[in-house]
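**Q** Protein chains in written order, with the working numbering: chain A, 6 to 474; chain B, 6 to 474; chain C, 6 to 474.
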Amino acid sequence: MATLTVHPDRLLPADPGVRDIARRLYAAVRELPIISPHGHVDPRILLDDTPFADPASLLIQPDHYVTRLLHAGGVQLDRLGVGEGPLTEDKAREVWRLLCTNWHLLRGTPVRYWFDSELAEIFGITQRPDAGNADDLYDRIAGQLAGEGHRPRALLERFGIEVLATTDDPADDLEVHAALAADPGIKARITPTFRPDRYLEPAAPGWAEAVKRLGAVAETEVGDYAGYVAALERRRRYFVDHGAVSADHSHTDTITTPLDRAEAERIYRWALAGQVSEAEATAFRRHMILEMARMSCDDGLVMTLHPGVRRNHHPDTLVRYGPDTGADIPLAVEYTDALRPLLGRYGTHPGFHLVLFTVDPDVFAREVAPLAGFYPSVYAGAPWWFLDNPALIRRYQESVSEIAGFGRMSGFIDDTRAFCSIPARHDMSRRLDAGFLAGLVAAHRLDEDEALDTITMLVTEQPRKVFKL
Amino acid sequence: MATLTVHPDRLLPADPGVRDIARRLYAAVRELPIISPHGHVDPRILLDDTPFADPASLLIQPDHYVTRLLHAGGVQLDRLGVGEGPLTEDKAREVWRLLCTNWHLLRGTPVRYWFDSELAEIFGITQRPDAGNADDLYDRIAGQLAGEGHRPRALLERFGIEVLATTDDPADDLEVHAALAADPGIKARITPTFRPDRYLEPAAPGWAEAVKRLGAVAETEVGDYAGYVAALERRRRYFVDHGAVSADHSHTDTITTPLDRAEAERIYRWALAGQVSEAEATAFRRHMILEMARMSCDDGLVMTLHPGVRRNHHPDTLVRYGPDTGADIPLAVEYTDALRPLLGRYGTHPGFHLVLFTVDPDVFAREVAPLAGFYPSVYAGAPWWFLDNPALIRRYQESVSEIAGFGRMSGFIDDTRAFCSIPARHDMSRRLDAGFLAGLVAAHRLDEDEALDTITMLVTEQPRKVFKL
Amino acid sequence: MATLTVHPDRLLPADPGVRDIARRLYAAVRELPIISPHGHVDPRILLDDTPFADPASLLIQPDHYVTRLLHAGGVQLDRLGVGEGPLTEDKAREVWRLLCTNWHLLRGTPVRYWFDSELAEIFGITQRPDAGNADDLYDRIAGQLAGEGHRPRALLERFGIEVLATTDDPADDLEVHAALAADPGIKARITPTFRPDRYLEPAAPGWAEAVKRLGAVAETEVGDYAGYVAALERRRRYFVDHGAVSADHSHTDTITTPLDRAEAERIYRWALAGQVSEAEATAFRRHMILEMARMSCDDGLVMTLHPGVRRNHHPDTLVRYGPDTGADIPLAVEYTDALRPLLGRYGTHPGFHLVLFTVDPDVFAREVAPLAGFYPSVYAGAPWWFLDNPALIRRYQESVSEIAGFGRMSGFIDDTRAFCSIPARHDMSRRLDAGFLAGLVAAHRLDEDEALDTITMLVTEQPRKVFKL
């Protein structure tokens, strides 16, 4: 049986001289609180504080990072409980065994790295998972999950999370957030995020109903375009009043070409009547992203863009298992010309913040960093999704720091629905920042005091500034 | 006169600690047999076992890796014997001198690295080529080529080649392969590969005649679309029966949009009549690639795609010297949406294998690895052509291992027509894998036993599994 | 107060063994003269030899590398004197203070690196700029600028500049260059560059007037297309006669599709009449780039392409501050098919040189290096603009050396309007070349004598050869 060790120097540079510098930098930020300004944790788990059910439904079933790797390795999604409701004890144990048996499939991936940290640091596991110890590990983790110390609130505090943003539907009443804010037992700030994607795509199934519901919630007549815009504005204000700091948008492209008012009104009308073409719907959505930027200038919500993903690439998987199971695949996306209408209008607007994410590593140097290196509103979003691993994070660090400087980075964003991976993800980021900055010090490009100041800024001030926290 | 040395640590990481780990990993796979599941060696050289004629016609004249570099450096292709038949002794010597005189042009390229290995390890050369020693080196190599020990079969065995795939026309009778398989003097498996490009491009010159010939060989009436499809299916079966394991496709894009049956029939008819437009021909080819995937699900041939190259970029060079002289240049190619029809239908089909190659390094992270990280059928093809060199192999290693895991790699593929470069190419790959994995061990991301298991798998099991050997 | 130190080993590899090799390589080229075959220094400063006015108008106000970083960090361009004429002493001091106060914004960027070198090596500054020492530094630099030793000609000599190319309008009379050439006090060769962009874009404002002026200067009737072409040819000859070695082109794409003669004539006529569409103007420009290549074959001017930048991305900034303030953003650009007409005609023309620059790092491996690795006319231009920093220079070094060899590189090009940054930029390049080559030696891919020969070639022979100096 092999041991599972999380070495104190993991991810730090190999060269002994550089590693020494990196150790010092890392030590300075290692224990700082976690600020997580964008993510997908369900806030209800914190409100209810019910113990997590079992290792599989906590760490595997809902995490598409894990399920896609096992699926690619030949494990069908139904065997992992994907798309099912709560798992029985037997099924949960079986899912857990599948992970342990296929542990080798994770080698080299950040998922493996996060798992190592979670198992060792949250659950005190000291054995590398395999077929032989799967049941034993299951029992040990399940036993801890049943105790006080591993309930959601206890972990939230133990993780040192100071800010945790969720992602929410504009029609959400945010009662959970209100209750959390009012609860003296929760010291962290749990902030909602306005995510209106579905309301901006008039050709998507169910759009008209969704918009009507939004109108009802906003107490606004949405029979025409003006009402629709007003309803969105109202719901944004509602989110602001409930502590939201940002609005997030994830569509296939970043084009922001405006429509004439009359054309927008016409498309809206036809869309409500179910008479909209794909092309019209796309034009409308692009126009509305521009409108969202205008609203951000008005209400102060930070605008974040997560473009360029073909969702549900495999139709059968969508039908059988639903969305978010790992079948989303990146697309090439253009930013420079696409965002020109938006940045032409609002790029130097005081207080406007636009955080650009990408899943195409070449785009860091070609478009995102140059934009962030001119526009005071634009920040280069931390590596997202497929890019949130050491080698590609290095590409981000290099491209953005050299082209635009550290001050144009968003700060780390975990963007996860896997609650227990949050500390491991932030820790990975801090280690990689320490290693990168140590390299600059070793190459005599920065003095060590500057590197120390920079890493501290990246972990503390920068996310606060970028996300207005 | 400078010495030519092939250092035992070449290509291993510079840091002494990491290098030590890399040495141990490399030592474990250094002597393992070579599995070459895709390449362009002419199988007849093994059947005939005629001694290679001379150093130039073996190492320079037919190898577009070499000729393009010399051409770019100012040496016209006719001076290198490109497009000529057999070289006279004088010409061969002159071509060899041109290589030696221009040896500096190869600095930094993998061609230089392979040459160093070939010269030192196959021919025992200990001097760096230059104008002064060109004739002497020529004589020494030529002398060895004339002997028993350097005939094709002797080298095949000495190289430790266990599997060698060739690339073949669907109309080929595969008699050479049959003879090799029947020959007790050949221990290696020489397997043909079905490469139907020319039969799938109805606007290409000579298409109709080629299809008719194919029909004749397949003993199938190809007067209509159904017969054409049947002829392809039959030839695939014929290849399977002769030991083929894969079908290879190299077109400019990877689009796989299906046609209606009636439309496919119509385009086929018009194409036979010489009445097809470029657009129709392209649509037909895209449809046929989808058909090829269907056939792969039926007959089990692994499907490999090598897209995105503008062949014969320089028309004059094509006219004067023919194809494959080094004038092929990469194109940007989209995979995510292009392959969606194919993967929507067959992406989770049991036993279907699709190996995606690319000549665009950004595409490893943006599209290929994400696809291989979800679809159990998709493998990320090893760096191909312009990318088969240390820095860009590193990009592949990083992007694919972190996004999809080592299990989604194809294993190394040399893809060469330069027989003598095969061991050097595989050795380079093993050294780079050792260095990469050593880096993960040094960063405490993998334990050394896992790295050892991984490198062994990459060299042995993985190509067998991916190519069903 | 922190010290400013420029360490003798800066930018060299961290590993002690590799660093030792790099030190030796760097030492061999450190003091070699500077050849700058493409840049934007105003030659009048050398003719007049007037002392530079003050630190801000020398080092900040005209340098969009600096102003864009400060602007992104929240400093409005008017506070930096951008778009203003000469600065008052008070304003200059205030601009300088803004730089010092915001010194942290430059961390990690090459701008910071160049500034460190300039401050330390040209002005003997030993303190890191900050709010506290801004005035003192200002006074110390201003004092030196007023003296003999820091006048333009003295610096030109002290920098060791042997060749300095400027960028010039085809209608320029080049009197300044003639005067410099005739001046025995100037040992460096100051060579003009033919940059006809504005004359090739018939839809751009002021095109017709510019063309008429060009005709007048060329003493050529430009009422029809033939005259227009003749005027361009004449002005190119005029530039050649005044020492020019290259013609530079910067348009959004690199497409070179020819027009029928009649169509070119028609578009030209309509354009003169102000009746040209955007599409026609673009087609005309693409045709004219092909014509420029033809002229290069005739008159020998090296052709350099700097494509793929959306100029003046932010319209308001253009209106308020003019062009070249940092608001230019890269665009994705295709080279392979776009350049096929040009390279099909002239790619193997004896003596034709085409230097391809890019602001998209992926394009080095995907298109530029493969083109340079076949066509004897094509050279891979050194990393340009956003890419002229250590990490992305490394991408260039890797991609081009491995795919095409060192002999296909252009040699370093500083491309700067910041006169005082020239030595720091060339020094950075030499250090990075030394580090890169040292890595090849450490990996036993090159012998050290070859690395030494290569770095010397890159600094001396290669720019002379590529730019026919």
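The beta carbon of each residue, even a glycine, is placed where N, CA and C say it ideally should be.
Owing to the predicted nature of the structure, the values given are computational and were not obtained by experimental measurement.
Out of C:I427, C:A213, C:A236, state which residue places its alpha-carbon closest to the alpha-carbon of V222 (chain C).
**A** C:A236
**Q** With 8 Å set as the bound, which would you pick, yes or no: does the beta-carbon of I272 (chain B) sit closer than that to a beta-carbon of chain A?
**A** no
**Q** When you compare the CB positions of A429 (chain C) and P18 (chain C), do they come within less than 8 Å of one another, or not?
**A** In this structure, the beta-carbon distance from A429 (chain C) to P18 (chain C) does not fall below 8 Å.
**Q** Could I get the ranges of all uninterrupted beta strand (DSSP E) runs contained in the segment 349-416 of chain C, with 3 residues as the minimum, in chain order?
**A** List check, beta strand (DSSP E) in window: 359-361, 383-385.
**Q** Who are the Cβ neighbours of V227 (chain A) in its own chain at under 6 Å, not counting the five residues just before and after it?
**A** V216, G220, Y233, A236.
**Q** Between the alpha carbons of H12 (chain C) and L474 (chain A), how many angstroms are there, rounded?
**A** 39 Å
**Q** Which first and last residues belong to the beta strand (DSSP E) in which L169 (chain C) is found?
**A** 166-170
**Q** Under 8 Å by Cβ, that's how I've got Y143 (chain C) and W101 (chain C) pegged, so tell me the actual separation to the nearest angstrom.
**A** Yes, they are in contact, since the Cβ atoms of Y143 (chain C) and W101 (chain C) sit about 5 Å apart, within 8 Å.
**Q** Here's the rule: buried if 16 or more other CB atoms are within 10 angstroms of the residue's CB, otherwise exposed. What is G410 (chain C)?
**A** Burial is judged here by how many other beta carbons sit within 10 angstroms of a residue's own beta carbon; G410 (chain C) has at least 16 and is buried.
**Q** Tell me, to the nearest whole angstrom, how far the beta carbon of D365 (chain B) is from that of P335 (chain B); I am working on the premise that it is less than 8 Å.
**A** 6 Å
**Q** May I ask you to verify whether the segment 444-461 of chain A touches the segment 416-434 of chain A, counting CB pairs closer than 8 Å and requiring at least 3?
**A** no
**Q** Please tell me whether H45 (chain B) and L348 (chain C) are closer than 8 Å, where the distance is taken between their beta carbons.
**A** no
**Q** In angstroms, rounded to a whole number, what distance separates the CA positions of D121 (chain C) and N138 (chain C)?
**A** If I take the Cα positions, the gap works out to 15 Å.
**Q** Looking at the C-beta of R29 (chain B), does it have a partner C-beta in chain C at a distance below 8 Å?
**A** no
**Q** In angstroms, rounded to a whole number, what distance separates the CA positions of T257 (chain A) and R290 (chain A)?
**A** 11 Å
**Q** Leaving aside the five residues before and after V80 (chain A) along the sequence, list all residues of the same chain whose C-beta is less than 8 Å from its C-beta, in chain order.
**A** Contacts found: L103, N107.
**Q** Are at least three pairs of beta-carbons, each pair with one atom in the segment 300-308 of chain B and one in the segment 247-265 of chain B, less than 8 Å apart?
**A** With the cut-off at 8 Å, the segment 300-308 of chain B and the segment 247-265 of chain B touch.
**Q** What are the start and end residues of the alpha helix (DSSP H) that includes I294 (chain C)?
**A** Taken as a continuous stretch (DSSP letters only), the alpha helix (DSSP H) holding I294 (chain C) covers 283-304.
**Q** I want to verify the contact list: residues of chain B whose CB lies under 9 Å from the CB of V364 (chain A), in sequence order.
**A** A370, R371, P375
**Q** In terms of residues, what are the limits of the alpha helix (DSSP H) holding L30 (chain C)?
**A** Counting along the chain, the alpha helix (DSSP H) containing L30 (chain C) begins and ends at 21-34.
**Q** With burial defined as no fewer than 16 other Cβ atoms inside 10 Å of the residue's Cβ, what is the status of T10 (chain B): buried or exposed?
**A** exposed
**Q** With DSSP as the reference, please indicate the residues paired to L310 (chain B) in a beta bridge.
**A** B:H254, B:L361
**Q** Answer yes or no: does any C-beta atom of chain C fall closer than 8 Å to that of D329 (chain B)?
**A** Against chain C, the CB of D329 (chain B) has no partner CB under 8 Å away; the residue lies outside that interface.
**Q** Does DSSP classify Q149 (chain A) as helix, strand or coil?
**A** helix
**Q** Between L52 (chain C) and L161 (chain C), how many whole angstroms is the CB-CB distance? I'm expecting something under 8 Å.
**A** Going by Cβ atoms, the distance from L52 (chain C) to L161 (chain C) rounds to 11 Å, so no, they are not a contact pair.
**Q** Excluding the five sequence neighbours on either side, which residues of its own chain have a C-beta within less than 8 Å of the C-beta of L185 (chain A), listed in chain order?
**A** P48, L51, L52, I191, I195
**Q** Does the beta-carbon of M6 (chain C) have 16 or more other beta-carbons within 10 angstroms, so that it is buried, or is it exposed?
**A** By the 10 Å Cβ count, M6 (chain C) comes out exposed.
**Q** What residues from chain C crowd round H449 (chain A), counting only those whose CB sits closer than 8 Å?
**A** Simply T10, V11, H12, D14, R15, L16.
**Q** Answer with yes or no whether the minimum CB distance from F411 (chain C) to chain A is below 8 Å.
**A** no
**Q** Whose Cβ in chain B lies nearer than 8 Å to the Cβ of E407 (chain C)?
**A** G113, T114, P115, N394, P395, A396, L397
**Q** Going by DSSP, name the residue or residues bridged to T262 (chain A).
**A** Answer by DSSP bridge pairing: none, since T262 (chain A) is not bridged.
**Q** Is it right to say S382 (chain C) is buried, meaning 16 or more other beta carbons lie within 10 angstroms of its own, or is it exposed?
**A** So S382 (chain C) ends up on the buried side.
**Q** Any C-beta of chain B sitting closer than 8 Å to the C-beta of I418 (chain A)?
**A** no
**Q** Might you give, ordered along the chain, the residues of its own chain that have their beta carbon closer than 8 Å to the beta carbon of A298 (chain B), omitting 5 neighbours on each side?
**A** Annotation for A298 (chain B): T261, M308, L347, R350, Y351, F357, L359 place their beta carbon closer than 8 Å to its own, counting only its chain and skipping 5 residues before and after.
**Q** Can you tell me whether P134 (chain B) is buried or exposed, with buried defined as 16 or more other CB within 10 angstroms of its CB?
**A** buried
**Q** Alpha carbon to alpha carbon, what distance is there between H43 (chain C) and G279 (chain B)?
**A** C-alpha separation (whole angstroms): 52 Å.
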